[in-house]
Amino acid sequence: MKTLEEFRQFFDTSLKAPLTGLEAERKQVVYKIGIALLIAFAVLSFLSIFMGPVALFILPFAGIGIFLLVRFGLSRDYAQEFKEKIIQLIVKFIDPNLDYESIGFIPEHIFMNSEIFKVSPDRYRGDDFVSGLIGKTQIAFSELHAEYKTETTDSEGRRQTHWYTIFKGLFIIADFNKNFQGKTVVLPDTAERLFGNFGKMLQSWNVMRGQLIQLEDPEFEKLFAVYGNNQIEARYILSTSLMKRIVDFKKKSGRQIYLSFVGSKLFVAISYSKSLFEPRIFRTLLDFKPIQEYFEDLELALGVVEDLNLNLRIWDKQ
Amino acid sequence: MLLIGFAVVAVVAILMYLALYNTLIAKKNQVTNVFGAIDALLKKRYDLIPNLVSSVKTYMEYEKGTLIQITELRARAVSEKLTDDEKVDLDNKMSRLLGSIKVAVENYPDLKANQNFLQLQAALNEVEEQISAARRAYNASVTDYNNAVEMFPTNIVASIMNLTSKIVFEIPEEERKTVNVGEMFKK
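So the protein lines, in turn, are chains A and B. Quick note: the first sequence uses numbering that gives the first Met the number 0, first residue 0, plus one each step. Quick note: the second sequence uses numbering that gives the first Met the number 0, first residue 0, plus one each step.
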């Protein structure tokens with residue numbers, strides 16, 4: 000793991016040059032977007048002459064649609080190149096043993112196997128796959144966006160499809176440092192925070208999840224609800240020190256986090272609302288701030304190994 | 000009319016009694032069940048001890064007395080018929096002795112490099128981690144059971160059933176220390 004100071008040095012010595020190259024490309028993309036929008040504006044204005052007052056309703060939507068189309072259409076290659084060059088370099092800087100694939104992602108069956116999310120997705124996308132060995136621990140993660148849809152038909156027979164997000168953010172798999180057979184899932188605790196003891200009762204009725212496992216650490220219990228199929232094994236996994244570490248990790252991330260322990264593997268899902276590791280088109284690349292964000296998001300994910308002490312191998316599993 | 004009213008009340012009361020009775024029994028069995036698991040794990044640990052003693056005794060000069068004590072305790076644990084309380088007591092003593100052996104290992108670099116010993120050490124850590132988990136599970140189920148025995152309305156049924164609250168395990172301080180000592184062997 001590298002410190003922010005080390006990264007700042009790396010930014011100055013090794014990232015500046017490729018970024019300057021890309022910055023020229025970015026400006027070109029912005030220029031192209033500008034031209035495309037001008038043309039679109041001209042065409043729309045021309046059309047509006049024939050449409051009359053209806054244009055007032057249609058044009059703003061058409062404008063937004065065209066803008067998004069142009070914005071993402073024209074910047075796709077640039078974004079790809081940015082990832083292959085810059086994100087790749089940052090990943091290798093953090094640890095040369097890590098591999099980065101901009102278009103790879105954690106497959107859906109693994110996502111479902113983690114048992115963290117019970118709803119199976121209708122649309123499943125992802126990118127920015129990082130994998131490798133940190134110390135003794137194999138780790139892999141990627142950005143994921145899983146959604147399900149609902150279809151409703153109104154009285155006039157028009158069908159409407161709504162998409163809902165199951166999960167969006169970073170999804171991490173790591174080799175856990177103890178062997179176990181069962182399943183243990185650690186979810187953010189919404190019921191207990193809202194309803195106190197009554198919430199605890201609601202949790203215990205969550206039959207789909209198996210038994211509710213009540214642990215001794217009050218701080219941990221306030222933040223999470225644990226379900227599993229084996230009371231003893233859940234405690235074997237969630238030792239007092241690991242509970243403390245999970246609480247610290249959750250605080251450090253400042254985000255909603257979900258964990259599960261299945262088949263001697265650890266799964267961690269960290270919720271994000273933004274898209275990760277995407278270049279900003281309308282801002283200069285030479286700023287340290289946005290690049291620092293990529294670094295910090297990567298470090299948070301890889302930090303799981305150190306923060307949860309996964310390299311400690313004093314038990315049967317070596 | 001009145002008769003039907005009484006009948007309804009009586010049926011409801013009986014059903015409630017049965018429901019509460021069953022919850023209490025389930026909680027009581029959960030406690031017994033987890034204690035069984037602890038017992039099994041303790042046996043597993045006792046099985047490791049002869050190997051441990053034989054692999055360290057050639058190295059350890061000053062801990063011969065402790066090793067003899069460990070062997071004796073093990074012999075008692077596996078041969079005699081013990082009550083639950085005696086088992087717990089014996090286990091506490093054993094944990095303390097094993098802890099002191101682990102600390103002493105630090106003084107014997109040859110031993111620390113011995114592959115066979117390292118494997119045993121890992122196995123022992125494993126069992127101890129499991130024992131600690133089982134104890135915590137036991138305490139959780141005892142707390143759950145005690146709450147039911149003492150809280151309304153289950154306490155009424157519990158007093159009819161003659162159920163009394165149980166005592167939780169004290170997780171000995173040594174045990175937490177042994178885990179820390181274990182960390183010193185991190186490779």
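All C-beta atoms in this analysis are idealised placements derived from N, C-alpha and C, irrespective of residue type, glycine included. Just so you know, these numbers come straight off a predicted model, no measurement behind them.
Asked: Are there three or more Cβ pairs, one per stretch, closer than 8 Å when the region 15 to 28 of chain B is compared with the region 143 to 151 of chain B?; Found: yes
Asked: Is it right to say A/Tyr30 is buried, meaning 16 or more other beta carbons lie within 10 angstroms of its own, or is it exposed?; Found: exposed
Asked: What does the alpha-carbon distance come out to for the pair A/Glu305 and B/Asn115?; Found: 28 Å
Asked: So A/Glu218 contacts chain B; which residues on that side make the cut at Cβ distance below 8 Å?; Found: Here the premise fails: no neighbours, minimum Cβ distance about 16 Å.
Asked: If you draw a straight line from the alpha carbon of A/Ser113 to that of A/Leu169, how long is it in whole angstroms?; Found: 14 Å
Asked: Going along the chain, which residues of its own chain have a beta-carbon closer than 7 Å to the beta-carbon of A/Tyr293, five neighbours each way excluded?; Found: Ile86, Ile89 and Phe276
Asked: Does DSSP put A/Phe116 in a helix, a strand or coil?; Found: coil
Asked: May I ask you to report which of helix, strand or coil DSSP gives A/Gln137?; Found: strand
Asked: What does a CB cutoff of less than 6 Å around B/Ser140 pick up in its chain, not counting 5 residues either side in sequence?; Found: Gln29, Val30 and Val33
Asked: Kindly list, in the order they appear in chain A, the residues whose Cβ is closer than 7 Å to that of B/Gln129.; Found: Tyr235
Asked: Which residues does DSSP pair with A/Arg122 in a beta bridge?; Found: A/Glu146
Asked: I need the boundaries of the alpha helix (DSSP H) containing A/Pro217, first residue and last residue.; Found: Pro217 to Leu222
Asked: Does the beta-carbon distance from A/Leu301 to A/Ile172 come in below 9 Å?; Found: no
Asked: Check the DSSP bridge columns for A/Phe287 and list the partner residues they point to.; Found: Answer is none; A/Phe287 lacks a bridge partner.
Asked: Buried or exposed: where does A/Val129 fall if 16 or more other Cβ atoms within 10 Å of its Cβ makes it buried?; Found: buried
Asked: Need the endpoints of the beta strand (DSSP E) that A/Lys264 sits in, please.; Found: Lys264 to Ser270
Asked: A/Ser252: buried (16+ other C-beta within 10 angstroms of its C-beta) or exposed?; Found: buried
Asked: Of all Cβ atoms in chain B, is any one closer than 9 Å to the Cβ of A/Gln180?; Found: no
Asked: What does DSSP give as the partner residue(s) for A/Glu100 in the beta ladder?; Found: A/Phe128
Asked: What residues in the region 132 to 155 of chain B have a beta carbon less than 7 Å from any beta carbon of chain A?; Found: Ala132, Ala133, Arg135, Ala136 and Ala139
Asked: Counting only the same chain and skipping the five closest in sequence on each side, list residues whose C-beta sits under 7 Å from that of A/Phe9.; Found: Phe92
Asked: If you run the structure through DSSP and keep just helix, strand and coil, what is A/Gln159?; Found: strand
Asked: For a contact meaning CB atoms closer than 8 Å, what does B/Ala36 contact in chain A?; Found: Ile231
Asked: For A/Lys167, does the three-state DSSP call read helix, strand or coil?; Found: strand
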